[in-house]
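The structure under discussion appears below in the form of structure tokens.
Chains as they are written, first to last, in our numbering: chain Y, -6 to 472; chain V, -6 to 472.
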């Protein structure tokens, strides 16, 4: 097949070319079998002919939207200038029945302006996951009719939904004294509120410090190691997060109910739950591109404050109060599911470890800043390369591909029994001596699979040669 | 290659044929490319011609001896009638310098008549592991010149050895009150005694019961699970045993010193250490046949009382006082090493699980009885099939073969850091839901490797076809 045959869009109008030291050129981009041609279609102006073989790398800067065929949801650009919610991206998906004015009002009623937006649409039954900040009810039990209307607009006739508050009830109640709060059932009669308890901030930080300290403990005493592992509470946090994600997934898939998830700000535990629920429910999020899109949507564009949370190395034990291994806990939860379903993920453990490393220190711009607004102000899209453009190169992708992957279109339900959860050796015991041999075993498996491909190619080649020889024989014999 | 070309021994004399309802026939056995022929070489007597394709199964009943080319060791049949040591096999390997009369005297000085015998010969430097029962010194510090002579006979001129007592010093001292004891350094001046502490009997039993109970605990509480795992002490026992085995292996391989290992009876912790040291030191013991031979030599012929120790299911919590998961702990230690060196073993985890199951309940005779003497009395060799004859069938072997195996001729040093040791999911969480998917992943890997073989065969076939066609072309062109 010729390369030209693979070109789906041979021409794009209104393309702008930016180059250092030159004025921008607007024109039409044409893609041929051999060249990329940019022309301003005006006489006497430069026309750029670029030979494909001279292109070293393509940095694809993408935004990820769910595209809906249904009447019920719409893209809103109410946050175009980041004025309504500084931690939201310029475009968000909201119920079609709610206009931008109503969204502005709801934003004043939600922590950080984080009005409820669509996080995930479950194709199977049309149920959704929404996420937001806490409602600012305060001690007086303030209401917001638009907020109530927005949330109810996502429910079909006669249906009920679940609000999953990631804080225990007493914490949610205490939040009222600081102007926060939770949805009163009287005002949201179609919704049932469930409180879970996912820890936040310094509690997670302390947990990580204790865990790393115990992993590095050289005293060689089994009791002490197990006691310290227990005292770190790290696996307890993993279990809490996974349990809440399973609950969210169950509401959608088994109860056939839509859900709204939030904690206080809606930028930490909320995102852990919405993204893990998608790993459970949506096969595409278990592929490499799908998982990249999930990170982009549910962490970067959703405004997880990476710069604050991942300010210093995870192993550093002098932490600022805004630091917290929220993203690492999410990756650890994904690893737990991957370990339980080793054939259901297109990526391997190394992919997760790579993301952990880049969240803390990276030569790419992807994880810089705390939200899309900050990244725009810093002009990161112009000044830095995207991590994804590097990761998606075939030479890199091969390192992150799970050789056992078999696409599995089912919902996968991880076990959250404490016996089923393990310490993530690849992160926490990575400098441990034995992991070298585990890596070697993995290499060996990859080699076997690579050899498989070579053999298959050889079979094809030999078959072709055989067919050619047989044809030649035929030609010789026919006259 | 013709089958006939593979026959190494085409003829064996003095073979006896036993058949039900017929008298035994003695004669010569001949093996041809198609038949097995037994002939008494006398006129008018039956000659048996058996077509190979009519043979369904071969039950190979083997005894495993180390065959030495050196002048320093000999096989002794002093225990031919099991009179000197009821828990030893009829033939044992002892220093050449010590005659059978001396062995009889030494037997009276060692617990259960278990005089020191050869367990392992380290080819690299000629150092050895010996094992025995404790010396019966009693409170009076009784000596036995023959015992001292026997042990010293294994040392080369000017060399020192190590006695590894698997009991802590205070336990060894207390044993004197019951007639037991340990080697006084004054009487064994060339030997340095090291005390380790490997637990025995009901302590291991209690540990297993606690562990199984905690594995089955459904309370879904992480703290409780980790506390109970710690309280069971199972991993502590694993660590103690592995540490002592590493010490033994280090004495041989790094210190260049021979060792004698014993605890009280020399039938439990002693065998754990001698067999694990061989796994560490000897590449052959990491192959399937080598590991079978190790179990045969160091557990069955060495007189580990399987019938007593494995009287009831490991999961049963009403135990008799002589029950103890000594063999399971050994298998678990092997699994820990296998997990750390996933390419160095020819067998996989399923092989270890299968051995665990057969040690407790089996349709084969291999693990019945407490020692060779009991198995002889029960005529198990005549009345039952050997487990190995079943395991070694190609259809079964394929289930137990590690697809990642690459022969590794090195000594392998496992990490015994508590962080490196894990709970053996395949045994203790085998009914856990997630293990199903782990099994599937393993199957997938095996399938890939099987497919590899098929592809390789296809490549060979196509190459042959191609070569034939090319030759035909040549023939056509030459005239």
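Glycine included, each C-beta is placed from N, C-alpha and C at the ideal position.
Residues bridged to residue i [DSSP beta-bridge criterion]
i: residue 164/V; result: DSSP output for residue 164/V lists no bridge partner at all.
i: residue 32/Y; result: 21/Y and 40/Y
i: residue 69/Y; result: 85/Y
i: residue 113/Y; result: 122/Y
i: residue 455/V; result: Its beta-bridge partners do not exist; DSSP assigns none.
i: residue 158/V; result: 188/V and 255/V
i: residue 394/V; result: 340/V
i: residue 404/Y; result: According to DSSP, residue 404/Y bridges with nothing at all.
i: residue 448/V; result: The partner list for residue 448/V (beta bridge, DSSP) is empty, contrary to what the question assumes.
i: residue 4/Y; result: 23/Y
i: residue 128/V; result: 103/V
i: residue 9/Y; result: 19/Y
Buried/exposed call for residue i, threshold 16 Cβ in 10 Å
i: residue 316/V; result: buried
i: residue 394/V; result: buried
i: residue 362/V; result: buried
i: residue -2/V; result: exposed
i: residue 430/V; result: buried
i: residue 56/Y; result: The predicted model places residue 56/Y with a pLDDT of 48, which falls under 50 and marks its position as unreliable; any figure quoted below should be read in that light. By the neighbour-count rule (16 or more Cβ atoms within 10 Å), residue 56/Y is not buried but exposed.
i: residue 232/Y; result: buried
i: residue 0/V; result: exposed
i: residue 129/V; result: buried
i: residue 172/Y; result: exposed
i: residue 399/V; result: exposed
i: residue 162/Y; result: exposed
i: residue 471/Y; result: The predicted model places residue 471/Y with a pLDDT of 42, which falls under 50 and marks its position as unreliable, so this point remains unresolved.
i: residue 424/V; result: exposed
i: residue 370/V; result: exposed
i: residue 174/V; result: buried
i: residue 4/V; result: exposed
i: residue 59/V; result: A caution first: residue 59/V carries a pLDDT of 45, below 50, which makes its placement in the model unreliable, though a value can still be read off. By the 10 Å Cβ count, residue 59/V comes out exposed.
i: residue 9/Y; result: exposed
i: residue 372/V; result: exposed
i: residue 42/Y; result: exposed
i: residue 275/Y; result: buried
i: residue 113/V; result: buried
i: residue 16/Y; result: exposed
Residue i: first and last residue of the uninterrupted alpha helix (DSSP H) it sits in
i: residue 120/V; result: Note, residue 120/V: premise wrong, no alpha helix (DSSP H); beta strand (DSSP E) at 120 to 124.
i: residue 263/Y; result: 262 to 274
i: residue 353/V; result: 342 to 353
i: residue 419/V; result: 418 to 421
i: residue 255/V; result: From DSSP, residue 255/V is part of no alpha helix (DSSP H) but of the beta strand (DSSP E) over 252 to 255.
i: residue 319/Y; result: 319 to 333
i: residue 99/V; result: 93 to 102
i: residue 299/Y; result: 299 to 302
Chain-ordered neighbours of residue i on chain V, where CB pairs are closer than 9 Å
i: residue 314/Y; result: Ordered by position in chain V, no residue passes the 9 Å Cβ test against residue 314/Y, which lies about 26 Å from the chain.
i: residue 208/Y; result: 412
Chain-ordered neighbours of residue i on chain Y, where CB pairs are closer than 7 Å
i: residue 199/V; result: Here the premise fails: no neighbours, minimum Cβ distance about 16 Å.
i: residue 475/V; result: Outside the modelled stretch of chain V, which goes from -6 to 472, sits residue 475/V, for which no answer is possible.
i: residue 270/V; result: Those within 7 Å of residue 270/V in chain Y number zero; the least Cβ separation is about 19 Å.
i: residue 449/V; result: 448
i: residue 456/V; result: 455
i: residue 438/V; result: 397 and 438
Residue i - containing beta strand (DSSP E), residue span
i: residue 279/V; result: That residue, residue 279/V, is in no beta strand (DSSP E); it is neither H nor E in DSSP.
i: residue 204/V; result: Careful: residue 204/V lies outside any beta strand (DSSP E), inside the alpha helix (DSSP H) at 194 to 208.
Per-residue contacts from residue i into chain Y (C-beta, under 8 Å)
i: residue 422/V; result: 412 and 413
i: residue 237/V; result: Going along chain Y, no residue has its Cβ under 8 Å from residue 237/V, so there is no contact; the nearest lies around 14 Å.
Proximal residues of chain V, C-beta to C-beta of residue i below 8 Å
i: residue 434/Y; result: 335, 336 and 397
i: residue 391/Y; result: Going along chain V, no residue has its Cβ under 8 Å from residue 391/Y, so there is no contact; the nearest lies around 16 Å.
i: residue 445/Y; result: 441, 444, 445 and 448
i: residue 452/Y; result: 448, 451, 452 and 455
Under 7 Å from the C-beta of residue i: neighbouring residues of chain V
i: residue 274/Y; result: Chain V residues near residue 274/Y: none, gap ~17 Å exceeds 7 Å.
Problem - Contact between the stretch 341 to 353 of chain V and the stretch 316 to 330 of chain V (3+ Cβ pairs under 8 Å) - result: yes
Practice task
Would you be able to state if there are at least three C-beta pairs under 8 Å between the stretch 253 to 267 of chain Y and the stretch 184 to 192 of chain Y?
Solution key: yes
Problem - Sufficient close CB pairs (3 or more, under 8 Å) joining the stretch 103 to 112 of chain Y to the stretch 69 to 83 of chain Y - result: yes
Exercise for the section: Determine contact between the stretch 195 to 203 of chain V and the stretch 147 to 159 of chain V, defined as no fewer than three beta-carbon pairs at a distance below 8 Å. Expected result: no
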